[in-house]
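What follows is a single structure, written as structure tokens, with notes after it.
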Ligand SMILES: NC(=O)c1ccc[n+]([C@@H]2O[C@H](COP(=O)([O-])OP(=O)(O)OC[C@H]3O[C@@H](n4cnc5c(N)ncnc54)[C@H](OP(=O)(O)O)[C@@H]3O)[C@@H](O)[C@H]2O)c1
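Numbering (our numbering), first residue to last: 26 to 321.
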């Protein structure tokens, strides 16, 4: 693949899921990548270096280190770390704000912020409103910027939202009513869309792209996994009270409300034609039925 970019693209979060996918896509385009890392000796940082990624050591609370790492780059991608408490939400806002300010200081020509679906407005979900505020800060900064706003990661079905195998049946349980469609995207496609915007091979005339690769109800998701496993499948809607913290409760409440929001899957596919739907993600990841057979 070719790229229109000759300069370096800086990536914050490159050792993580989304930033890692952005690096993968940028390297596929033969772009030069500089990863902003706090620990250059970590296995993940070293794996990036082994693939030709330049490592710039930063501390999120050290503005000079951030501005130095962003010097002379042509584009800058950043995400903000997961927050599971209000304290972590505050830290997320501090990091996002510091990264925007450093990009201004360094005069970065083009920024892509990895926000979240619905962050165009306040939603009452603390770790989504944090991204709304970072978006606002970025918008006011005067930088040329695009927001990518992912919905729930399909990868959650391989971890925190994994279906189980019980008595020869695939069972999916989520704190979501069964008639509500969950909007979702693969992390791979978050990376591909962000990279296309960074490399200017795609445009977002509205200044933001809502990242949706599929939207399915709980029973439809369960059926997709059941079909892959060749087993019957069932969905059980759980109450919000099963969730460990108030942030997640607010988020799942908002998932149900956001089901009414229109999703423009065509916009994402116009940027990344191979955007995975859930069935394709299940196939692409080689998902197989879990072995934790409960009670049988
Ligand atoms: N899960 C979902 O379905 C979903 C959907 C939409 C949006 N989101 C949002 O996505 C974000 C998480 O993205 P992800 O899953 O890609 O994250 P991740 O895999 O946990 O990676 C986090 C990255 O941030 C870096 N990092 C964390 N704290 C740092 C600090 N203080 N200084 C420097 N680097 C730091 C980590 O570096 P180290 O390697 O040094 O730790 C790592 O590279 C959250 O904001 C979440 O709200 C999640």
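All C-beta atoms in this analysis are idealised placements derived from N, C-alpha and C, irrespective of residue type, glycine included. Note that this is a predicted model, so its numbers are computed, not measured.
- Taking a 10 Å sphere around the C-beta of residue 192, we find fewer than 16 other C-beta atoms and assign the residue as exposed.
- For the 8 Å CB-CB criterion, residue 111 and residue 151 form a contact.
- The three-state secondary structure of residue 189, taken from DSSP, is strand.
- In the structure shown, the three-state DSSP call for residue 203 is coil.
- Three or more beta-carbon pairs separated by less than 8 Å are not found between the stretch 280-287 and the stretch 102-122, which leaves the two stretches without contact.
- Counting C-beta pairs with one atom in each stretch, the stretch 209-229 and the stretch 135-152 have three or more that are closer than 8 Å, which means they touch.
- If you draw a straight line from the Cα of residue 66 to the Cα of residue 73, it is about 11 Å long.
- The residues 63, 91, 119, 120, 123 and 124, in chain order, have a CB closer than 8 Å to that of residue 85 in the same chain once the five nearest residues on each side in sequence are set aside.
- Ranked by Cα distance from residue 289, the options 132, 209 and 187 are led by 209.
- DSSP places residue 216 in the helix class (H, G or I) of the three-state scheme.
- For residue 47, the three-state secondary structure derived from DSSP is helix.
- Put simply, of 249, 260 and 218 the residue whose alpha carbon is nearest the alpha carbon of residue 298 is 218.
- Relative to ligand 1, the beta carbon of residue 310 is positioned no closer than 7 Å to any heavy atom.
- Taking C-beta atoms under 8 Å as the contact rule, residue 33 and residue 69 fail to qualify, at a distance of about 20 Å.
- With distances taken between CA atoms, residue 264 lies nearest to 199 out of 204, 212, 291 and 199.
- Secondary-structure assignment with DSSP links residue 194 through a beta bridge to 191.
- DSSP places residue 303 in the uninterrupted alpha helix (DSSP H) bounded by 303-309.
- Contact check for residue 144 against residue 98 fails: the beta carbons are separated by 8 Å or more.
- For residue 33, the enclosing beta strand (DSSP E) begins and ends at 33-37.
- At a threshold of 7 Å, residue 159 does not count as near ligand 1, since its beta carbon sits no closer than that to any of the ligand's heavy atoms.
- With respect to residue 212, residue 43 sits close: the two C-beta atoms are nearer than 8 Å.
- Distance from the CA of residue 306 to the CA of residue 179, rounded to the nearest whole angstrom, comes to 7 Å.
- At least one heavy atom of ligand 1 falls within 7 Å of the beta-carbon of residue 107.
- With contacts defined by Cβ atoms closer than 8 Å, residue 214 and residue 241 do not form a contacting pair.
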